[in-house]
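Worksheet for the structure shown next.
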Ligand code: ZN
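Residue numbers (my numbering): 1465 to 1653.
Right under this line is the structure:
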């Protein structure tokens, strides 16, 4: 079984200057680039998820949801952070593309060919995921818990993830560990 790097939602809107900024979101970009380098060198898979909403998503305030408008398909805010060095071989999985879908978990997403995240992992024979990105207590948490439920081995990259709220972030990390995720940092790998 191979392993893959999963980078969750490192998009302009979730970084400083965006519509729904996660404190310290930009700080993780150089670290994620180092993880990307490691995975490229080892010829292991790199998968990036992105929040990719229609303008009138039910997930937004004004349409019944709890969030300001963010990551609208094709907008600046939906682009990956410009300092993230994305290799051409990386697979991009988009989530929350239907009005009714919030798309917190990457398991709800599809690649440009319409393949689900789970299908991609099976096709590439990936059984282990190293997960970093934004935000810890939302999309990272949901993706990690889903991965564990589906039987994948998960390592949470503690130095390369950030949350919106410190208390909720800390609870989410405990919950992911209780569910079976291990934690690691770049210098402890
Ligand atoms: Zn969203």
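Where a beta carbon is used, it is the ideal one built from N, C-alpha and C, also for glycine.
By DSSP, does residue i sit in helix, in strand, or in coil?
i: residue 1634; result: helix
i: residue 1550; result: coil
i: residue 1541; result: helix
i: residue 1530; result: coil
i: residue 1470; result: strand
i: residue 1513; result: strand
i: residue 1569; result: coil
i: residue 1575; result: coil
Residue i and residue j: beta carbons closer than 9 Å?
i: residue 1635; j: residue 1573; result: no
i: residue 1481; j: residue 1523; result: no
i: residue 1626; j: residue 1532; result: no
i: residue 1476; j: residue 1549; result: no
i: residue 1616; j: residue 1593; result: yes
i: residue 1655; j: residue 1493; result: No answer is possible for residue 1655: it lies beyond the span of the chain, which begins at 1465 and ends at 1653.
i: residue 1537; j: residue 1519; result: yes
i: residue 1646; j: residue 1620; result: yes
i: residue 1542; j: residue 1565; result: no
i: residue 1521; j: residue 1569; result: no
How many Å lie between residue i and residue j at the Cα?
i: residue 1648; j: residue 1577; result: 32 Å
i: residue 1666; j: residue 1595; result: This structure gives no information on residue 1666, because the portion of the chain shown stretches from 1465 to 1653.
i: residue 1602; j: residue 1554; result: 23 Å
i: residue 1651; j: residue 1511; result: 22 Å
i: residue 1590; j: residue 1624; result: 21 Å
i: residue 1525; j: residue 1505; result: 43 Å
i: residue 1583; j: residue 1561; result: 18 Å
i: residue 1559; j: residue 1571; result: 8 Å
i: residue 1633; j: residue 1600; result: 6 Å
i: residue 1466; j: residue 1508; result: 7 Å
i: residue 1468; j: residue 1642; result: 22 Å
i: residue 1631; j: residue 1501; result: 32 Å
Give a yes or no on whether the minimum CB-CB distance between residue i and chain D is below 9 Å.
i: residue 1566; result: Annotation note: the requested chain D is absent from the structure, which comprises a single protein chain.
Original post:
Taking any heavy atom of the ligand ZN as the mark, which residues have a C-beta closer than 7 Å to it, listed down the chain?
Top reply: 1515, 1517, 1523, 1531, 1534, 1535, 1560, 1566 and 1567
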